[in-house]
Amino acid sequence: MVGNISGVDADNFDWDTEDDLEIDNYAVSSHSDLSIPCREAVLGLEEASSSGESPSSKLIDQFVGMGFSREMVTKVIEEKGEENSNLILETLLEYSASTLPSSSNSKMINHFVGMGFPEEIVVKVVQENGEGNTESILETLLTYSALETTAPIQQNADSDNFSSDYQGSFLDDFSDFDSFSDTEEVMSPASDEERKLLHLTKMGYSEAEASVAMERCGPDSTIAELTDFICAAQMAKAADALFPLEEKKPCGNDSNHKKRRNWDYDLLIRKRKKKMKLEKRFDEDDEAVHLPNPMIGFGVPTESEQSTRVLPEAAVGPPYFYYENVALAPKGVWTTISRFLYDVEPEFVDSKFFCASARKRGYVHNLPIENRYPLLPFPPRTIHEAFPLTRKWWPSWDMRTKLNCLQTCISSARLTDKIRKALEDYDGVPPLGVQKYVLEQCRKWNLVWVGRNKVAPLEPDEVEMLLGFPKNHTRGGGISRTDRYKSLGNSFQVDTVAYHFSVLKDKSPAVSICYLFSQGSEVRRSWWEQTNQRGTLVEIPDVQDLNGDRLEQLIKTYGGFDLVVGGSPCNNLTGSNRYHRDGLEGKDSALFFDYCRILDLVKCIMNGTRSMTV
DNA sequence: AAAAGGATGAAGCCCCGG
DNA sequence: CCGGGGCTTCATCCTTTT
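Under the working numbering, think of the first position of the first sequence as 11, with each following residue one higher.
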């Protein structure tokens, strides 16, 4: 079925965790192991079901969705043909940059307004600098905005407001600190502050920047606030540096330091935009992210309604990005995630609309949402369809039709025994109290009926099937049963993600597929080899090493990343965690900020090399 | 040494009745 | 409006067994 490699030119990388986290993080990292084939499945199937409708209208919609005028898109497609969407995109970008004169002038202005600059200033600066020269416009705008506000102070004020919800929970979280790898000695830092400091430096900020930020933001500040602060400070500095009217080259090829600066520079613009949005929003209302009911996101195959959306301008690719995590995270988490990902509204989807088990997840992505289509054949949608043999033993008072979320652990044999004993005393229907107990346990542990009065947890291959993976998919690496459950519990639901990715089918012709893993374990490698994965495997032992230089090199080697997929560890967010449900600042889940960092870098580098348009 | 088992709530949502 | 009950949740720590 997966006969072709052609399809999407996509890259998937994983920033999950460092490599010394042993089992816990092994699980986390395998999450992305499993996400790989899911994408392949997408590719294979897309190929199969692509012939139905007129490609050009779909193609046109795609580009119109990206913000180009229908007229221009149609024209370019006529000129260049439909096959090479990269070429089309390039041409469109070229046109929109060069045909600025009259009509697209406003587009240009919108572009900068979207970055957070006041409209009147943008208009003025554009006039002064000439429309062709985006770079000098940007510089001038930055200079202006640096004059007009003192970012750090303002930032300080904000962070106080924004974070009041959080502060309590992180104060005494020194806990164990073994997650940060070998570069530092294994000793635990003495305080929470040191921990944050270390984290920030690991993210690539200098120690000086980090400690200043800590000082200014106070000891209770969160990583999110600190990075915001540093960005604001860097921005002010960058603008300062521009004062003596020094020209800055896009991606200077001299010193690393210079390059780095330049990326930060671009990044600052975005952060600033976020900040301004936040301010604007502040007096409107608290805008808590609410989960939709039913949880169908922007649509699922079974509900035929098509929704549309307009992405914030800063969110429009390239590259595409796709971030995933648990929907039921502590308060404020999704607000923060959204804020850090260009204010894109999360798409909350429960995979029970795709398969026989629930999986409530939030996805923040900038993929088009029009003309999605499901992976075929449809997987079983009910427990009975998925496990026909259980029907014989399924009692009438167990009304479940869907399983709950597949987790990383299963119940023990003793529990099923206990349940059997509880039921054996009654011939027909047990009393309500017993029913209630049994059902409670069945829901909690996702038990199914495998015999008279006998329930059992799902087998690993059954979980694989529910999640949309081929049978024995997790067997390749020769891992233990426990670890198979763990890996699967951390995985995507294939049909759900495939549905979202289906819009990429027509995007571009076959190119190399490059996988980046941030954790090079033996298991991963052997899994990779034994399951005949295609594409290039690039392993990066520590995600923190994936800095701008490394990324630039990779982008040069592989011709760019079209898609940045990931889901940071959820263990500090999920309700299952009894001990360290610390939110986004938790020691594992905070790697979310590395995703943002990497995405920012990819975006900056790619757009830098493609001449500042977008 | 490695794998499996057992015990361990709380947060946040929805819903309903008062 | 409000409070209580029902429901779900990509888990962790420690002990026991293999």
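Idealized CB from N, CA, C, for every residue including glycine.
8 Å contact criterion, which residue i and residue j should meet: CB distance rounded
i: G625; j: N414; result: Here the chain has residues from 11 to 624 only, and residue 625 is not among them.
i: T345; j: A396; result: Actually they do not touch by this definition, with Cβ atoms about 36 Å apart.
i: V574; j: V612; result: 6 Å
i: N617; j: D598; result: The pair is not a contact, with the Cβ atoms about 30 Å apart (cut-off 8 Å).
i: L6; j: L210; result: This structure gives no information on residue 6, because the portion of the chain shown stretches from 11 to 624.
Rounded C-alpha distance that separates residue i from residue j
i: A368; j: L477; result: 10 Å
i: K446; j: V465; result: 15 Å
i: T506; j: V310; result: 8 Å
i: G596; j: R535; result: 28 Å
i: G488; j: G91; result: 47 Å
i: P441; j: K428; result: 16 Å
i: T546; j: P579; result: 24 Å
i: H300; j: V374; result: 14 Å
i: P356; j: E88; result: 35 Å
i: G438; j: S406; result: 11 Å
i: D408; j: G577; result: 34 Å
i: V86; j: R80; result: 10 Å
i: A432; j: V444; result: 7 Å
i: P304; j: Y333; result: 21 Å
i: I70; j: H510; result: 19 Å
i: L386; j: F364; result: 11 Å
i: P302; j: S231; result: 31 Å
i: N542; j: V135; result: 55 Å
i: E434; j: G461; result: 12 Å
i: T626; j: R382; result: In the structure displayed, the chain extends from 11 to 624; residue 626 sits before or after that span and is not available.
i: K388; j: W538; result: First, the amino acid is wrong: residue 388 is Phe here, not Lys. Between F388 and W538, the C-alpha separation is close to 27 Å.
i: A600; j: P390; result: 36 Å
i: T312; j: S490; result: 36 Å
i: G585; j: E204; result: 28 Å
i: A324; j: I131; result: 19 Å
i: R544; j: Y568; result: 15 Å
i: Q540; j: V320; result: 43 Å
i: R591; j: V504; result: 27 Å
i: A220; j: M82; result: 46 Å
i: K496; j: V473; result: 11 Å
Short Cβ contact (8 Å threshold) for residue i with residue j
i: L609; j: F331; result: yes
i: G499; j: V343; result: no
i: P470; j: R494; result: yes
i: F571; j: P329; result: yes
i: A366; j: K412; result: yes
i: N463; j: R430; result: yes
i: L425; j: Q451; result: yes
i: F350; j: A337; result: no
i: D360; j: P322; result: no
i: F308; j: I379; result: yes
Where the beta strand (DSSP E) containing residue i begins and where it ends
i: H510; result: Unbroken run through H510 is the alpha helix (DSSP H), V504 to F511; no beta strand (DSSP E).
i: K370; result: K370 to H375
i: T546; result: T546 to E549
i: W459; result: V458 to G461
i: F331; result: Y330 to V336
i: K464; result: K464 to A466
i: G576; result: L573 to G576
For residue i, the first and last residue of its enclosing alpha helix (DSSP H)
i: R560; result: G558 to Y568
i: S307; result: The residue you asked about is not Ser; residue 307 is Gly in the sequence shown. Segment: none, G307 is in no alpha helix (DSSP H) and carries neither H nor E.
i: D427; result: A423 to E434
i: A396; result: I393 to A396
i: D493; result: R491 to G499
i: E81; result: R80 to K90
Checklist entry - Is the region 450–458 touching the region 418–437 in the sense that three or more CB pairs, one from each, lie closer than 8 Å? => result yes
Next on the checklist: Three or more C-beta pairs under 8 Å: does that hold for the region 549–559 against the region 601–613?
Outcome noted: yes
Checklist entry - Would you call the region 483–490 and the region 556–571 touching, i.e. three or more CB-CB distances under 8 Å? => result no
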